[in-house]
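Remarks on the structure that follows.
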Amino acid sequence: IAHILMQGHARAGEILAVTFTNKAAREMRDRVGRLLGQGGEGMPWLGTFHSISVKILRRHAELVGNGEVHLKPSFTILDTDDQIRLLKQLITAEGIDEKRWPARQLAGLIDTWKNRALTPARVPRSDAPAYDGLGVKLYRAYQDRLLTLNAVDFGDLLLHCVSIFQAHPDVLKQWQKRFRHILVDEYQDTNTAQYLWLRLLAQAHHNICVAGDDDQSIY
1 IAHILMQGHA RAGEILAVTF TNKAAREMRD RVGRLLGQGG EGMPWLGTFH
51 SISVKILRRH AELVGNGEVH LKPSFTILDT DDQIRLLKQL ITAEGIDEKR
101 WPARQLAGLI DTWKNRALTP ARVPRSDAPA YDGLGVKLYR AYQDRLLTLN
151 AVDFGDLLLH CVSIFQAHPD VLKQWQKRFR HILVDEYQDT NTAQYLWLRL
201 LAQAHHNICV AGDDDQSIY
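The numbers in our numbering rise by one with no breaks, and the one at position 208 of the sequence shown is 208.
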């Protein structure tokens, strides 16, 4: 990053630098600042996958919707407790025994699908038996309820961005043009949604550099 900036290959706002935790992002920012002999605050697109996705999603929230309801830029991000509470309501409404099929299990299932960049419409038939055959139906109901509440969960941050990039080439082109260089830390921990997010953004210029270690992989 410091080399790219010092050689004038790109300006700070044209570099997308991604890592996995807020702590790692702070450390990356500090290191860049020290190498350049200045503060690291001039890197607007240095952060975690999720923090950068929030910024992108707030600019294009209206492109997320089900035909009737659309997300607004003021959306809130649900934490795990709020997510479980909402799923419990949907499970009860469906007449499912929550003791036998806990909301936390459904939350884990939905999170897995989102990590694989699967919207309800894209969940494969092989996953249909999940959650006693009701997983996909409840996933769709959950996504509709989130829209009504103008809310997203953690997994949506990347899923919605990937869906927008895939459905709206003009929006994708805008971000491809903005990020002239993409650099990724801890690449071994990327899931499918993060991989697709990076792949889409890098397709135009192919200026992507990733650092990772198989022996530290969490997947």
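Think of the CB as a built atom: it goes at the ideal place given N, C-alpha and C, for glycine as much as any other residue.
- Bridge pairing for V18: G47 and V184 [DSSP].
- Look at A12 here: in three-state DSSP terms it is helix.
- CA-CA distance, R104 to L87, rounds to 8 Å.
- Secondary structure at A151: strand, using DSSP grouped into helix, strand and coil.
- L201 and R180 have their C-alpha atoms spaced approximately 10 Å apart.
- Secondary structure of I1 (DSSP, three-state): coil.
- Under the 10 Å beta carbon count, S217 is surrounded by fewer than 16 other beta carbons and is classified as exposed.
- Annotated as proximal: P120 and R140, with beta-carbon spacing under 8 Å.
- By the CB criterion at 8 Å, Q83 and A117 fall outside the cutoff.
- About 7 Å separates the Cβ atoms of W175 and I56, confirming a contact at the 8 Å cut-off.
- Counting along the chain, no alpha helix (DSSP H) covers V210; the unbroken beta strand (DSSP E) around it starts and ends at I208 to V210.
- Assignment of alpha helix (DSSP H) within the stretch 88-147, counting only whole runs of 4 or more residues, yields 103-115 in chain order.
- Two segments are said to touch when three or more pairs of C-beta atoms, one from each, lie closer than 8 Å; by this definition the stretch 203-213 touches the stretch 183-190.
- In this structure, the beta-carbon distance from W101 to Y142 does not fall below 8 Å.
- When the Cα atoms are used, L16 and R199 turn out to be separated by approximately 13 Å.
- In the DSSP assignment, H205 is bridged to no other residue.
- D79 sits exposed, since fewer than 16 C-beta atoms from the chains shown fall within 10 Å of its C-beta.
- The beta carbons of L46 and R29 sit about 6 Å from each other, so the pair counts as a contact at 8 Å.
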